[in-house]
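Here the sequence shown is numbered in the working numbering, starting from 12 and rising by one per residue.
The beta carbon of each residue, even a glycine, is placed where N, CA and C say it ideally should be.
Working notes, structure below.
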Amino acid sequence: MPGPRQPTDLIKAKGLKHLSKAEEAERRSREARVELSKTAKPPKWLPEALKKDFRTLGKRLIAAGLYTDLDADTLGRYLVVQHQWIIATGEAEQTLARRDQEQAEAWGRIQERYFKQARNCANDMGLTVTSRCRLVVPESARQKTEDDNPFLQLIQAGDRYA
Numbered sequence: 012m013p014g015p016r017q018p019t020d021l022i023k024a025k026g027l028k029h030l031s032k033a034e035e036a037e038r039r040s041r042e043a044r045v046e047l048s049k050t051a052k053p054p055k056w057l058p059e060a061l062k063k064d065f066r067t068l069g070k071r072l073i074a075a076g077l078y079t080d081l082d083a084d085t086l087g088r089y090l091v092v093q094h095q096w097i098i099a100t101g102e103a104e105q106t107l108a109r110r111d112q113e114q115a116e117a118w119g120r121i122q123e124r125y126f127k128q129a130r131n132c133a134n135d136m137g138l139t140v141t142s143r144c145r146l147v148v149p150e151s152a153r154q155k156t157e158d159d160n161p162f163l164q165l166i167q168a169g170d171r172y173a
């Protein structure tokens, strides 16, 4: 079973498969292209209190080359769920301080639910370390020349002293 389809730039960077110019052009014509955004405009449904955070995080994602207009809803959902997680965490701490174990467990489950939702959105947006690692395109595999061969360098160094 073949693996997931990879972008042409990634295939070329890996250097494991040779593509003719025609094959490369044909592959690129079938790839989806989305222009990067210049600004991060928050969705209308986003609460006013979170719009500043949206713009701040959006600017950082734009600078990293990870944000397009299509990502606005996902980033908005991330911020809403993160805000709800903060509220649930506060409630869980208060119930623990009152020593109300039953309520603390209920708020803990709610907190866990919000955490999972926020983590899923963060992974989609490249906001976690592991998701950013998957987005990195490896450097081009360069051909080793004779000058890069350490054994050959050792032999040549020996010739100098002979």
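Asked                                                                                                                                             : Found
Taking buried to mean at least 16 other C-beta atoms within 10 Å of its own C-beta, is R88 buried or exposed?                                     : buried
Is it right to say W96 is buried, meaning 16 or more other beta carbons lie within 10 angstroms of its own, or is it exposed?                     : buried
Quick check on DSSP: helix, strand or coil for G69?                                                                                               : helix
May I have the straight-line CA-CA distance separating P58 from T50, to the nearest angstrom?                                                     : 19 Å
Would you mind working out which of M136, P161, L165 sits nearest G76, comparing C-alpha positions?                                               : M136
Report yes if the CB atom of A108 is closer than 9 Å to the CB atom of I121, and no otherwise.                                                    : no
In chain order, what residues of the same chain lie with their CB nearer than 8 Å to the CB of F126, ignoring the 5 residues before and after it? : W96
Are the CB atoms of L90 and L68 nearer to each other than 9 Å?                                                                                    : yes
Look at the alpha carbon of V92 and the alpha carbon of C132, and state the distance between them as a whole number of angstroms.                 : 9 Å
Considering just the uninterrupted stretch of the alpha helix (DSSP H) at W56, what are its terminal residues?                                    : From DSSP, W56 is part of no alpha helix (DSSP H); its letter is neither H nor E.
What's the gap between the Cα of A99 and the Cα of A74?                                                                                           : 32 Å
To the nearest angstrom, how far is it from the Cα of A83 to the Cα of E113?                                                                      : 38 Å
For L138 and K52, what's the separation of their Cα atoms in angstroms?                                                                           : 18 Å
Nearest-angstrom Cα distance between E116 and R110?                                                                                               : 11 Å
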